[in-house]
Structure formats: structure tokens, C-alpha cells
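First residue of the sequence shown? That's 18 in our numbering, and the numbers climb one at a time after it.
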Amino acid sequence: MQDVITFIKENRESYIEELKELLRIPSISAIPEHKNDMQRAAEMVSDKLKLAGLNKVKIFQTEGHPIVYGEWLGAPGKPTVLVYGHYDVQPVDPIELWDSDPFEPVVKGNKIFARGATDDKGQLFMHIKSVEACFKKHGSLPVNVKFCIEGEEEIGSPSLGSFISTQKEMLKCDTVLVSDTSLYAPGLPTITYGLRGLCYMEIELTGPNRDLHSGTYGGAVDNPINVLARMIAKLHDKNGKITIPGFYDTVLQLTKAERENFKKLKFSEKAYAKEIGLAELTGEKGYTTLERTWARPTLDCNGIYGGWTGAGAKTVIASKATAKISMRLVPHQDPKKIEKLFTKYIKEITPRTVKVKVTALHGGQPVITPLGGSIPVIATFFQLLKAPSVLMGLGLNTENLHSPNEHFDLNHFMLGIQSSAYFFEEYAK
Ligand code: BES
Ligand code: MN
Ligand code: MN
């Protein structure tokens, strides 16, 4: 094993150069204009898998973006590890807040800056390189390995569920290995034991049949934007609890032992607030910050629009107003049920002065608990393949995922490649 580790350490520079190639492709799954880039990124991942020494590498086309698969099953009698990751990235806006081109990676000190650096190209790349290093040194791997790298994670994995159910035999495995989460602190090995689920909704209000002059009509009609703001404000009470009836009914409460364990982790409210530029934190009463972000459900407005949003002033009462609202869920909340409760409540609190349309965007099942983000496919792997996942994340929450100046710590990148090699070796035992 030491030879593999030494080999990995010697190849730092070439690994970084190769990672840059992948980071240069703007594989933004949410934007249709990037369809070709999605194909290019899938091809590059597929090439890298082939170069690493995997067989049967194949790009599967879907109704959406391609899924890349590869395997090496040369260790009969040994367990099979399925590595999952995603080559798609989030949009880059607001682009003006980036210090460098999101798709022209730059290394500054120990960090590499680019969209997708930590989420998830940098992290999925670690496993490709560890497999490659094992093959280079030993000509084989200690376990059977399969890779399933998708291009739609950031848009809710619409094609992956049916792919997994039609390819059950091919994807059969003993465990799923995922590096798409974060370390608790720099340099601290972390295994995440749960993820929150998600229910993402859109509310559209329509008031008057056209935009109105706010001088002539203002005062006589309800303004959809004002109404929407009042409705959103109603979704939390003064204790930070979500007011949707039935919302908390199936929420799994933290055990005493969990709460005590959370308290043992080194955590500074002050430093946490400072790092994101806040004077003070807030949230559901009766819970600590770690409990609120790891083990409690939340509701946030992710976007709100309507009326005049261009430069300067326009005196108008808009006909329509829209809000995108997502809820992070915990076991045993069911996204489908929450969707219904949300829709029912929104309809109840909509005044007769406007019409309402509520649409569900996408969802994801929560898994055990905790850790704030969501990777809906983890629940799918468990349901369809009966395989548990190991969430071996090497990112940091401060690495600006989904936000300008995303980066990845290259020391963690290097440690991740080594951890991956150790994982295969230990798992074989
Ligand atoms: N890698 C993240 C999830 C994540 C981030 C987990 C940080 C733990 C810590 C993933 O790519 C992601 O962004 N997921 C989305 C899911 C959604 C689009 C269905 C999320 O959490 O918003
Ligand atoms: Mn991710
Ligand atoms: Mn993401």
C-alpha cells in the first residue's frame, strides 16, 4: 500500500493539471445551452475512467444529460464498491463577483478556484486517480469497483432513478462510495451519516389581468408582490417554527445522545457568523446551530420576482409575482406529503384578491440525519440496490459551493486520493 501512497504523492502536479481540464468544461446542467458541454464533460470523464484502467466504460444517454459508467470486476470473492459522483455544476451567477473566470481554473496557494472544484468534479476525480494509482502499482484493485457518474445532480437527478432501476444488475454492489459532502473542519477526517431531504416548490400569484399604473390604480387593488411577501412572512412564527399544519408531524427527534455528541464538537457561533459576514445568527428556538442545520427541517425562499427589477424606477403594479421556496426535510418527513401540506396551506392563506398556482419542482428523500445539504440519490441507491452509502466528503462548507469563487483545498484533494486508496484496501478486508 505504501507504494501506492508514495506514487500518489509524487503525482500531485499532474493530478492538478488533469483536474483543470475537467474544470474547464462549463457543464452547467440547468442551462439548456450547455447541452454540448454536458456531452463533452461526460466524454472526458469516460476517457479518464478508461485511462485509469476500468473496463466496460460506457456513456449512457438519457432523456436529460448522459450518465458515465465504468467497472473493474477482477477481484472475485471480494466486495464491490460503486463510486457515485456528478460532473454537472451549478450556474455561475452572479458572475461579476468572481475574482477569476469560473471555467479557467487558477491555483492560489493551496486552493484551486473554479466552478465545480469542490462540488463535485474535484471530489469525484479523487477516486478516479486512486484507482489509477492502484492499477499502476499493482495491476489490480483490492475490491471490485464500479463508477456511476451523472450529469444531473444539481437539477434533482431526474433521469437517475429510472436508470438505476433498469440497470439494477449492472449497478449491483455492496456499498456506494460518495465524495460530495464536507469535512467538519479542515484536516479532520469526516464521515457524514445522513443528509436532509428536499421539497422544492414554486408559488405564482396573479392579480390584475395586466400590469397597472401604480398611480391610477394604486390603493384600489391588491398588489401580488405585496401579497406574496405577506404570505411568505406567514410561513414562520416568531419562534422560527414553520407554520404549515402537519409539517412537523413525522419529524424524528434528536436523541439525548445525539445532542450530547453534537455538543462535543468544537464549534464557535461567533466564528461561524463572522465567516459569512453576519452580526448574529438566528433560527428555530430551542435548538443549537448544528442541530438547526443538521437535524431540523427548514423552509427558505430561494428566489422571488415580479414587477420592475431593471435599473431605475418604474411605477407599476405587476400582474404577477413568483416565489421559489424550498424545504429541507429530515427523517421521517416524506417530500410528497410535505408537497401536499404546503400546497393546501398556501391555498388557504391566499386572499381572494389574487389567484394562486402552486407547482412542485423537485424533491428528495431524507436519509437518517444529519448534515445540511441533500443528495437525493443516496435514498434511491438504498431503496433500489439495497446498498448503504459511505459519505466520505473532502470539501469544506466554506469553499463557496453554489456561490462565486468556488474552490477546493488541494491538500484535501491529495488526502482524498489517498483516503480512497485506503478505503478500497480496508473495505476488501
Ligand atoms: N454536494 C451537494 C450536497 C451537499 C453539500 C451535501 C454540502 C453536504 C454538504 C450537492 O451537489 C447539492 O448541491 N445538492 C443539492 C440537491 C438538490 C439540487 C436536489 C442541494 O443540496 O441543494
Ligand atoms: Mn454535489
Ligand atoms: Mn451542489
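Just so it is clear, CB atoms sit at the ideal spot from N, CA and C, and this is done for glycine as well.
Query	Result
Beta-carbon proximity check, His-419 vs Leu-200, cutoff 8 Å	no
Candidates Thr-198, Leu-402 and Ile-22: closest to Cys-190 by CA position	Leu-402
Which listed residue (Leu-222, Ser-174 and Glu-221) has its alpha carbon closest to that of Ser-46	Ser-174
Nearest-angstrom Cβ-Cβ length linking His-144 and Val-100, presumed shorter than 8 Å	5 Å
Asp-317 (DSSP reduced to helix, strand or coil)	strand
8 Å Cβ cutoff met for Gly-410 and Thr-209	yes
Chain-ordered residues, beta carbon under 6 Å from a heavy atom of ligand 2	His-103, Asp-136, Asp-137, Glu-170 and Asp-197
Under 8 Å between C-beta atoms of Ile-363 and Ile-166	no
Member of Leu-271, Pro-405 and Leu-413 whose CA lies at the smallest distance from the CA of Glu-292	Leu-413
C-beta contact flag for Glu-297 and Ala-290 at 8 Å	yes
Segments assigned alpha helix (DSSP H), at least 4 residues, entirely inside the region 87 to 170	138 to 155
Three-state class that DSSP yields for Arg-345 in the structure shown	strand
Any non-hydrogen atom of ligand 1 closer than 7 Å to Ala-393 Cβ	As written in the sequence, residue 393 is Pro, which differs from the Ala given in the question. Correct: Pro-393 has its Cβ closer than 7 Å to ligand 1.
Any 3 or more C-beta pairs closer than 8 Å across the region 339 to 347 and the region 315 to 327	yes
Where Phe-77 sits in the DSSP three-state scheme	strand
Simplified DSSP state of Phe-430, which is helix, strand or coil	helix
According to DSSP, residues forming a beta bridge with Ser-406	Val-193
Asn-240 in three-state terms, based on DSSP	coil
Contact belief for Met-61 with Glu-38 at Cβ below 8 Å, rounded distance in angstroms	7 Å
Touch test, the region 177 to 184 against the region 111 to 121, Cβ-Cβ under 8 Å, three pairs minimum	no
Residues near Ile-76 by beta carbon distance below 6 Å, same chain, minus five either side	Ala-59, Ser-63, Pro-83 and Val-85
Limits of the alpha helix (DSSP H) - the one that Tyr-217 falls within	From DSSP, Tyr-217 is part of no alpha helix (DSSP H) but of the beta strand (DSSP E) over 214 to 223.
Pick from Leu-90, Asp-105, Met-18 and Leu-212 that is closest to Gln-56, judged by C-alpha positions	Asp-105
Residue burial classification, Glu-10 (beta-carbon count within 10 angstroms, cutoff 16)	No information on residue 10 is available, as it lies outside the stretch 18 to 446 that the chain covers here.
Burial state of Pro-405, where buried means 16 or more other Cβ atoms lie within 10 Å	exposed
Buried or exposed (CB count within 10 angstroms, at least 16 for buried), Asp-437	This sequence places Ser at residue 437; Asp is not what is there. Buried, since its Cβ has 16 or more Cβ neighbours within 10 Å.
Cβ-based neighbour list, Arg-227, same chain, cut-off 6 Å, excluding 5 preceding and 5 following	Ser-336
Cα-Cα separation, Pro-383 to Tyr-234	47 Å
Reference Pro-43; option with closest CA among Ala-131, Gly-126, Asn-127 and Glu-80	Ala-131
Option in Gly-381, Lys-67 and Pro-206 with minimal Cα separation from Leu-212	Gly-381
Heavy atom of ligand 1 within 7 Å of His-230 beta-carbon	no
8 Å CB neighbourhood of Pro-206 in its chain, flanking five on each side removed	Leu-200 and Ser-436
Which of helix, strand or coil DSSP assigns to Val-375	strand
Alpha-carbon to alpha-carbon, Val-124 and Thr-260	46 Å
Coil, strand or helix - Ala-202 by DSSP	coil
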